[in-house]
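The numbering used here applies: residue -7 is where the sequence shown begins, and numbers increase by one.
To start, the structure itself, in structure tokens.
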Amino acid sequence: MKTVIVHTLFLIFLLGATAKNSFAQRPNALQGLGDRIGNLSGQGGSGGNTGDSLRNRSKEQDSIAIKFYFFDSTKAYQLDSTISDYTVRYPIPATHLFLGNTGSATKSILFSPYTKPGWDAGFHAFDVYKWKLDDVRFFNTTRPYTELGYLLGGRAEQIIDVMHTQNLKPNLNFSFQYRMINAPGVYRNQKTNHNNYLFNFWYQSVNKRYNNYFIVLSNKLQAGENGGLANVADLKNPIYNDDSYTIPTNIGGQPSYGTDFFNTTIGTGNKYTETNFLMRQQYDFGKKDSLVSDSIVLPLFYPRLRFEHTVKLGNYKYLFQDLAAAGSRQSNQPDSAYYTDRYNINFAPGNDSIFIQDRWKEISNDFSIYQFPDAKNLQQFIKLGAEIQLLTGVVRNNQSLYNFIGHAEYRNRTKNQKWNITALGKLFMTGSNFGDYHAYINLQRLLSQKLGSLEVGFENVNRSPSYIFNTTSNFYLAAPRGFSKENIVHLFGSLLQPKLGVRLGADYYLMTNYLYFKNYYQPRQESSPFNVLRLSASKTFSFFRRIKWHAEVYVQQKTGAVELNLPLFYTRNRIAYEGKLGFKNLNIAFGTEIRYQSPYKADNYSPLLGRFFYQDSITIANYPQIDAFMHLRIRGFRLFLRFDNLNASAFGKNFVTPENPFPGVLMRFGIHWSFVN
């Protein structure tokens, strides 16, 4: 607690010393349904508006309104300045459970199967901490713009965010982002240390015919694993009341507690590194034009035909290790006994270390052609392309794989902004993942300002099993067997009424050959079809103008004899005052947040595989989680103060898995500062 107070006073002093600098004023984020589709990720969405990336402002002004474009979208987005929802800044979504420490493995409460066809390593428990290629933002600014963020939590949890973008030339933009997540953990051997790096450039020729996008993206994720508490009854043992870090855990030995985020040593845990280099070049043929304003001639160009080439290099490493054999251990919980019991791994005499690793390298080349039926509407186009992907794996038996992939896409956001259509298809025509495909169509219609917007869509994915289910993976520990391709049918729809603050949604999944794990390491496949129906609703209620109640409700139900457990009901409610409190530049939101899911037999967690797995013996019935918060914004400065799990002391700790409890009461203090240089 003393560390938290010292850091807080230092940050307040720092902010006071720099408060006289100018802040960037940022408009609210655009709202919409199905914002975009990322070809690189297989995720859903759609394209949108084009337009100037900046409002016209003189260089003497101290603020700019920045717009940006995602890597694979033509829609212009604005930076988010809202403060009511903390999860906009916090890396773990509100619908995810995590193993009690920021940076540890997470799992969605809602049914959400992986829907990307083709090669996949199979490690997704840390996906929320990754930056992805289709989330890369490309800016165009008249002045340098910077964002700084810092979060300090209980047990010396820290998150550092840095983003800077500027135009080196009028037609050349450079952006840099960095994030560090470091948390020693509430329980033994939970330390996490994640680092994300991003460099990207965007160049456009003076005649606007040529574009070059260049990205360097790296995710280095390190998470200590303790295998859960050795005996969950120890939570009620008074000898551990003063320090939960001393409660015995299944693996990891007895490491000393440390808060130095420069010390990233993790003896027992998962270490994942993913690095991508990508360059996309485009050349357009079309019609030149110009716009004359105040004796200034602005060149314009309307493309009709576009040629595009994309090259991507990827380097992926997935490692689990337990190298703590030389350290002190509890005599009644040796690692060798844990791994023999849970994973059927027998150690040679005198050796109880584990080191399991898969490494992959990827190179892909994609060539595509665009045709724009309407030269003045870049939101309508037809795209055809082909990709060659080469993969080299250092696994149990070294592998050389390839795929030849064809893809097509059609998008159209009509000029009257009433219709938005996205249709795409991808087919693996030959190679290691032959027969995989992804078909997607999304229709959005603005019914009226009174009725709002309607969205309906269809998705069908046929995908090869992730490589962790392949017998040549070093993480495959069971008896050899083969698996069929997963097939996923997804129907979805939603109705958005912004005036009333209402959103209604429905998702229907039909799955065949569902793949999962059981008993820590044993792969399973359910050949019989089953379905999952999920209904959702969200509504913002207003009381006395400034009191807001943001309510979210999800109901989901499976049908079919499949080994899958889901909570029937999940709700999130934020009740807060949101307003200015009589101050012109002060926006404040303070109140309480309550989350609750109905009792269910939650998945357990396998630290060696870094995956959640099915269990059907222990029902987890958690109390509602109650948090208190105060968020405020003064121009470009935002402050977040939160107290999470307030009711843990009165009702006891909630559980994520049968062996992994949530921590008790936690305080988090964070700042976010954006400014024009």
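Built from N, CA and C at the ideal position, the CB exists for glycine as well.
Values in this document were obtained by computation on a predicted structure and should not be read as measured data.
Taking a 10 Å sphere around the C-beta of residue 336, we find fewer than 16 other C-beta atoms and assign the residue as exposed. In the DSSP annotation of this structure, the continuous segment of the alpha helix (DSSP H) that includes residue 329 starts and ends at 327 to 335. If the five residues before and after residue 400 are omitted, its C-beta is found closer than 6 Å to the C-beta atoms of 376 and 417, all from its own chain and listed in chain order.
For residue 291, the three-state secondary structure derived from DSSP is strand. The alpha-carbon of residue 66 is positioned some 18 Å away from that of residue 167. Three or more beta-carbon pairs drawn from the region 308 to 316 and the region 261 to 269 are found closer than 8 Å, and the two stretches are therefore classed as touching.
Of all C-beta pairs linking the region 145 to 159 to the region 197 to 217, fewer than three are shorter than 8 Å, placing the two stretches out of contact. By the Cβ neighbour-count rule, residue 225 is exposed, with fewer than 16 other Cβ atoms within 10 Å of its own. Under the criterion of beta carbons closer than 8 Å, residue 620 and residue 584 qualify as touching, at roughly 5 Å. With distances taken between CA atoms, residue 379 lies nearest to 356 out of 356, 361 and 368. When secondary structure is reduced to three states using DSSP, residue 460 falls in the helix class. Measuring C-alpha to C-alpha distances from residue 245 to each of 328, 85, 121 and 409 identifies 328 as the nearest. Counting only residues of its own chain and dropping the five nearest sequence neighbours on each side, residue 98 has a CB closer than 7 Å to the CB of 84, 88, 89, 90, 117 and 120. Inter-residue distance for residue 510 and residue 550 is about 19 Å (C-alpha atoms, whole angstroms). Under the three-state reduction of DSSP, residue 653 is assigned to strand. When the Cα atoms are used, residue 615 and residue 643 turn out to be separated by approximately 7 Å. With fewer than 16 other Cβ atoms from the protein chains shown falling within 10 Å of its own Cβ, residue 230 counts as exposed.
Comparing alpha carbon positions, the residue from 647, 345 and 305 closest to residue 383 is 305.
Judged by their CB atoms, residue 218 and residue 650 are not nearer to each other than the 9 Å cut-off. A distance below 7 Å between beta-carbons, with the five flanking residues on each side excluded, links residue 496 to the following residues of its chain, in chain order: 486, 487 and 529. Around residue 334, the same chain offers 512 as residues with beta carbons nearer than 7 Å, after the five sequence neighbours per side are excluded.
Under DSSP, residue 518 shares a beta bridge with 506. DSSP places residue 552 in the coil class of the three-state scheme, outside both helix and strand.
CA-CA distance, residue 500 to residue 458, rounds to 23 Å. Separation of residue 522 and residue 553 (C-alpha to C-alpha, rounded to the nearest whole angstrom) is 7 Å. In chain order, 425, 428 and 477 place their CB closer than 6 Å to the CB of residue 456, counting only its own chain and leaving out the 5 sequence neighbours on each side.
Close CB contacts of residue 470 within its chain, under the 7 Å cut and outside five residues either way in sequence, are with 513, 514 and 515 (chain order). In the structure shown, residue 212 falls within a strand segment according to DSSP collapsed to helix, strand and coil. In this structure, residue 165 and residue 132 form a Cβ contact; the two beta carbons are roughly 5 Å apart against a cut-off of 8 Å. Here residue 160 carries a strand assignment [DSSP, helix/strand/coil]. When secondary structure is reduced to three states using DSSP, residue 129 falls in the strand class.
As the crow flies, the alpha-carbon of residue 110 is around 34 Å from that of residue 332. Residue range 391 to 405 is occupied by the beta strand (DSSP E) that includes residue 400.
Between residue 414 and residue 434, the beta carbon gap of about 4 Å places them in contact (Cβ cut-off 8 Å). When 505, 372, 577 and 467 are compared, the shortest CA-CA separation from residue 387 is found for 467.
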